[in-house]
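Report on the following structure.
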Amino acid sequence: NDGSVNFLVVGDWGRKGAFNQSAVAHAMGEIGGKLKIDFVVSTGDNFYTDGLSGVNDPAFAQSFSRIYTAKSLQIPWYSVLGNHDYHGDSEAQLSPLLKKRDRRWNCHRSFDVRAGFVHIFFLDTTPFVNKYFTNSTDEKFNWKNIPNRDIYLSNVVKDLKTSIKSSNATWKIVVGHHPIRSIAFHGDTTELLHQILPILQANKIPMYINGHDHCLQHISNIGTPVEFLTSGGGSMAWRNQTNYQRYKKNTKFYYDGQGFVSVQLTKSEANVVFYDVHGKTLHSFNLKANTGNAY
12 NDGSVNFLVV
22 GDWGRKGAFN
32 QSAVAHAMGE
42 IGGKLKIDFV
52 VSTGDNFYTD
62 GLSGVNDPAF
72 AQSFSRIYTA
82 KSLQIPWYSV
92 LGNHDYHGDS
102 EAQLSPLLKK
112 RDRRWNCHRS
122 FDVRAGFVHI
132 FFLDTTPFVN
142 KYFTNSTDEK
152 FNWKNIPNRD
162 IYLSNVVKDL
172 KTSIKSSNAT
182 WKIVVGHHPI
192 RSIAFHGDTT
202 ELLHQILPIL
212 QANKIPMYIN
222 GHDHCLQHIS
232 NIGTPVEFLT
242 SGGGSMAWRN
252 QTNYQRYKKN
262 TKFYYDGQGF
272 VSVQLTKSEA
282 NVVFYDVHGK
292 TLHSFNLKAN
302 TGNAY
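Numbering (the working numbering), first residue to last: 12 to 306.
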């Protein structure tokens, strides 16, 4: 109604309220009410440790419906899948039956959401990561609905290019689970650097938002107009696991605790704020539309 699009971003959260998940949810409710948010974005790892076992898994209510109970959070949630979600039955999270259990839930592999002058492109990043297919990790994945990885990834990349180029939105934002740039534990995702970052650069995408690293961070100006934002502090945080030297000059903010992010957009400007578990502002910046200049 006021000509703005406002939303919160939370990631790596689904732990049945533990590890401060409930506290983060409470703070989200408070901030969401003040900002009159339109929707919530989840950057994945929605249900620990192994996703959902099926559409009737009680973890859906235990980690989602019964946790995010604030009035301001009774709005659409748009979620991507994280690597932990692929441990279980990833199709369960995509099923329309979950929407019958909680009308807020919207989760797909790769998809896009248009909200007026804002267009958000959600990317299924887990299948891009080579080590998940070479048994070089302790993780066990369920790839039953991705029978041919090469064809799947080719289609994801092609669809992303086409969707971004055909959009006339003022703000185009890409969301995925894995970071492109990160100084935290996982660091850069090489596969995304090679396959996705060139698309973002070519189309002057102002923001890429991810989770995966259990922290909050903002990396800027690494030879690209893209602002790299991590919102992976929805529950368990990873303390003292960072490499500042990786992007020392370009790291505008890093916090190894729990929290979340708000994004407020008008046709001329974006305001991004990082909050801790109590809803206290930790870092903020503004971005002018179509300039790539953060301040």
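Quick reminder that beta carbons are idealized off the backbone N, C-alpha and C, glycines included.
Predicted, not measured: the structure shown is a model, and the values here were computed from it.
Contacting residues, own chain, Cβ-Cβ under 7 Å from residue i (five flanking each side not counted)
i    : result
G28  : I78
E202 : F139, V140 and N141
D224 : P190, S193, A195, F196, H197, T241 and G243
L211 : V185, Y219 and V237
S74  : G25, R26, K27 and F58
D96  : G55, D56, N57, F58, G62 and Q104
Boundaries of the alpha helix (DSSP H) in which residue i is found, first to last residue
i   : result
A36 : Q32 to L46
Start and end residues, beta strand (DSSP E) containing residue i
i    : result
Q104 : That residue, Q104, is in no beta strand (DSSP E); its alpha helix (DSSP H) goes S101 to L105.
D123 : F122 to A126
E150 : Segment: none, E150 is in no beta strand (DSSP E) and carries neither H nor E.
W116 : W116 to C118
S53  : F50 to S53
K260 : Careful: K260 lies outside any beta strand (DSSP E) and carries neither H nor E.
Proximity below 7 Å, CB of residue i to CB of residue j
i    : j    : result
E102 : N156 : yes
I42  : F18  : no
N301 : N282 : no
S178 : H130 : yes
F214 : I175 : The amino acid occupying residue 214 in the given sequence is Asn; Phe does not appear at that position. Cβ atoms of N214 and I175: closer than 7 Å.
L105 : H119 : yes
G22  : S83  : no
R115 : W88  : yes
S90  : S33  : no
I230 : T200 : no
F71  : S246 : no
A248 : Q275 : no
L46  : S273 : yes
Y265 : Q228 : yes
V35  : V288 : yes
K299 : E280 : yes
Strand pairing of residue i, partner residues [DSSP]
i    : result
G187 : L134
N297 : N282
N17  : Q275
I230 : F239 and T262
T253 : A195
V140 : DSSP lists no partner for V140.
G270 : D287
T292 : Y286
Same chain, Cβ closer than 8 Å to residue i, neighbours up to 5 away in sequence not counted
i    : result
T292 : V284, F285 and Y286
H98  : T60, D61, G62, E150, K151, F152 and N153
Close Cβ partners of residue i (< 6 Å) along its chain, the five nearest in sequence each way excluded
i    : result
I86  : F50
G290 : A38, E41 and I42
V167 : S121
S76  : D113
F128 : A180, T181 and K278
T136 : G187, H188 and H189
N94  : T137
L208 : I191
* Jot down the residue ranges of each uninterrupted alpha helix (DSSP H) in the segment 166-220, minimum 4 residues, whole runs only, in chain order. => 201-206 and 208-213
* Asked: Which runs of the alpha helix (DSSP H), 4 residues or longer, sit entirely within the segment 60-105?
  -> 101-105
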